[in-house]
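One structure is given below, encoded as structure tokens.
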Amino acid sequence: MNSNFIKMGLTLILVIVVFLLKALSKKRLIKLSALYSYEPHRLFLVRKTIAIAFWIALIFLTLIIWGVNLNNVWVYLGGFLSVVAIGLFAVWSILSNIISGIFIFIMNPFKIGSKIKLYDPEVQATVVNINLMFTELEDDDGIFNVPNNTFFQKTVKGINAEKTQSN
55 MNSNFIKMGL TLILVIVVFL LKALSKKRLI KLSALYSYEP HRLFLVRKTI
105 AIAFWIALIF LTLIIWGVNL NNVWVYLGGF LSVVAIGLFA VWSILSNIIS
155 GIFIFIMNPF KIGSKIKLYD PEVQATVVNI NLMFTELEDD DGIFNVPNNT
205 FFQKTVKGIN AEKTQSN
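Residue numbers (the numbering used here): 55 to 221.
If you want it as structure tokens, here you go:
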């Protein structure tokens with residue numbers, strides 16, 4: 055019985071620490087985004103990724119505190135990741151777009167509001183939204199989606215891309 059109280063106390067401390075770390079990382083990310091003029095959607099994606107990492111860490115550390123044997127968890131996780139890898143190989147174009155979306159996020163070749171020109175087919179449009187699979191562009195005919203891997207396979211020119219300024 056005494057052992058369970060210790061485990062509950064450790065779990066409570068762990069939850070508090072994780073929430074404090076999440077709050078501190080959120081504040082730090084907001085300061086960094088202001089310093090480097092990151093767009094709000096980029097900050098949102100980074101915050102979500104960090105939050106997911108904190109939740110995963112919380113779950114695994116809680117399992118360790120309560121003495122759960124993680125050997126089976128690693129076997130199931132390995133099997134799950136193998137199935138995901140095989141599934142992603144079967145749908146490589148989706149994976150290609152997701153990886154390209156991550157590279158667009160990291161490299162930041164254009165921003166929302168930037169005017170770009172795609173070649174083959176030739177299109178001149180304004181960037182409306184960027185997500186993992188597609189980039190939404192708008193021209194005189196309306197809004198359309200371009201798969202993210204297109205930006206790595208075709209020539210793209212920034213027409214009046216704004217330079218990022220740091221404060």
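Beta carbons: idealized from backbone N, C-alpha and C, even for Gly.
Item, Value
"I think N199 touches F188, with their Cβ atoms under 8 Å apart; what is that distance to the nearest whole Å?", "4 Å"
"For the beta strand (DSSP E) containing P175, name the first residue and the last one.", "First-last for P175: undefined, no H or E at that position."
"Indicate the three-state DSSP secondary structure (helix, strand or coil) for F188 in the structure shown.", "strand"
"Find out if the Cβ-Cβ distance for the pair G212, I160 is shorter than 7 Å.", "no"
"State the Cα-Cα distance for the pair A88 and K76, rounded to the nearest angstrom.", "18 Å"
"On the criterion of 16 or more Cβ atoms from any shown chain inside 10 Å, does S154 qualify as buried, or is it exposed?", "buried"
"By a C-beta neighbour count over all protein chains shown, 10 Å radius and 16 as the cutoff for buried, is I158 buried or exposed?", "buried"
"Mapping DSSP to helix, strand and coil, what is V138?", "helix"
"Rounded to a whole number of angstroms, what is the C-alpha to C-alpha distance between N183 and L99?", "13 Å"
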